[in-house]
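These notes are about the structure you will find just below.
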Amino acid sequence: MTKRLVQSPFAGRPLVRPLYQSVVYATETPDALDAIYEGEAGYTYSREGHPNATAVAGMIDALEGTEGGVMTSSGMAAVSLAMLAYLKAGDHALGSEQLYGRSLRLMEQELPKLGISTSLFDPTDIETAKAAIRPETKVILVEVVANPTLRIADMEGLAALAKQHNITLIVDNTFTTPLAYRPLDHGADVVLHSVTKLMGGHSDAMLGWVATSSVEENTRIDGLGMTFGTTAAPFDCWLAERGLLSFQLRYERASANAAALADALAGMKGVKRVLYPTRPDHPDHNRASALLNGRGGNMVSFELEGGRAAANAFSSAAGMVLAPTLGDITTTVSHPSSSSHRAVSVEDQEKIGITEGFFRVSVGVEDINSILEGFEEAVEKSIEAS
Ligand code: PLP
């Protein structure tokens, strides 16, 4: 059991860690300052670390099996920091074509401006990754369970390929979570999270985290974060610490709800197809069974029969909350073609199965009957509008 008691200079220690809302930390002497800069435990300036970040990083370290993981100001800060830590001008990076929309923008629009060329591959087909490898390929970026299609990447194939070519394999584990899969245990070099999502869990803290299995390498990445200024804010870390205390409980309940919702949606008139990793009709069902420890997770995607009119009617139904996020304690739906994937061409959206009727559901911990009633009513509305 994790003890929560916090060190304190007073008699009587607080059960809840205080919020260290201070940008700067005073020291007694230059010698004391030297000691901190040379590695003694302590803080000087919050861009370079603070107790609330150390606490949250330690909790995520425990989940992913790492030490010295680095907190960042958002999930995208973690993605950017990881990429910048392993790439320089002249290098080539490979990314899954099913990455989160902003990660795709980073690959396709921003990295090329820094002289880093990029290509995309199909994470379910290792041959497409093999074909895209060049002598200067230094990084592969992938999500185990892709957002929003919930396709499962060939992680075993990618780890072997990365090893063979001395490429750094970076895994965004936000969707999957370490409760289902720990990338560093399976040959990945770097793992990262948007802590904003399920780990924080309450849509009130914007954070990321990144780590490797080497403490020295994590210290190097931490140093880069101090220079690029990707530091996490104390209050967000304070909120995320509270969220993480119930992470496992929320994950279990939300996953059970998601599995039940997926089955119910699959039987509803007006629903064309449902994607949920542990369902036998999932296109990567075998891989999901092998990789995910039997855990389907809290995310369900599905496609309505109708187009934009059906999507509008569905999402405006009383029980639906349309919000471009995931991992909240309550159920939310997102419409990728008008949000996360709006910068992706319609042609490329269709290639990965995103249409106007496609929705991604982040299932919460509510009573399952209220979730099912809400979806039945909303799908009914979508049929009326088609
Ligand atoms: N990675 C994945 C898989 C995401 O879904 C998101 C956001 O939705 C991010 C990274 C970016 O996280 P943040 O919004 O915290 O920057």
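When we follow our numbering, the leftmost residue of the sequence shown carries the number 77, and every step to the right adds one.
We treat Cβ as the ideally placed atom computed from N, Cα and C, and that holds for glycine.
Computed from a predicted structure; not experimentally measured.
- Short note on Gly151: C-beta closer than 7 Å to some heavy atom of the ligand PLP.
- Take Leu448, set aside five residues on each side of it, and the residues of its chain with a beta-carbon closer than 8 Å to its own are Ala336, Leu337 and Ala340, in chain order.
- Bounds of any alpha helix (DSSP H) do not take in Arg210, whose DSSP letter is neither H nor E.
- Distance from the CA atom of Arg329 to the CA atom of Ala342, rounded to whole angstroms, is 20 Å.
- In this structure, Lys214 has its CB at a distance of at least 7 Å from all heavy atoms of the ligand PLP.
- The continuous beta strand (DSSP E) containing Asp248 extends over residues Thr244 to Asp248.
- Here the C-alpha atom of Leu315 lies approximately 24 Å from the C-alpha atom of Asp443.
- About 11 Å separates the Cβ atoms of Ile428 and Ser413, ruling out a contact at the 8 Å cut-off.
- When C-alpha distances from Leu320 are compared across Val155, Ile202 and Leu283, the shortest belongs to Leu283.
- Here Val291 carries a helix assignment [DSSP, helix/strand/coil].
- Annotated as proximal: Ala454 and Met396, with beta-carbon spacing under 8 Å.
- DSSP lists Trp285 as the bridge partner or partners of Met147.
- Taking a C-beta distance under 8 Å as the contact criterion, Pro199 and Val215 do not qualify as a contact pair.
- Taking the Cα positions, Asp110 is about 58 Å away from Glu432.
- Counting only unbroken stretches of 4 or more residues, the alpha helix (DSSP H) elements lying wholly within the segment 404-445 are 422-427, in sequence order.
- Nearest to Trp285 by alpha-carbon distance, out of His358, Leu245, Arg349 and Ser149, is Ser149.
- Residue pairing by DSSP places Ala169 opposite Thr194 and Val215 in a beta bridge.
- A distance below 8 Å between beta-carbons, with the five flanking residues on each side excluded, links Arg181 to the following residues of its chain, in chain order: Ala419.
- Collapsing the DSSP output to three states places Met231 in a helix.
- In the structure shown, Glu379 falls within a strand segment according to DSSP collapsed to helix, strand and coil.
- Gly372 has its Cβ no nearer than 7 Å to any heavy atom of the ligand PLP.
- Distance from the C-beta of Met282 to the nearest heavy atom of the ligand PLP is below 7 Å.
- With at least 16 other beta carbons inside 10 angstroms of its own, Glu317 counts as buried.
- The alpha-carbon separation between Ala393 and Glu456 amounts to approximately 9 Å.
- Within the DSSP secondary-structure output, Leu351 pairs in a beta bridge with Ser377.
- When rounded, the separation of the alpha-carbon atoms in Ala332 and His168 is 41 Å.
- By the beta-carbon neighbour count (other beta carbons within 10 angstroms, threshold 16), Arg296 is exposed.
- In summary, Ser410 is buried, with 16 or more beta-carbon neighbours lying within 10 Å of its beta-carbon over all protein chains present.
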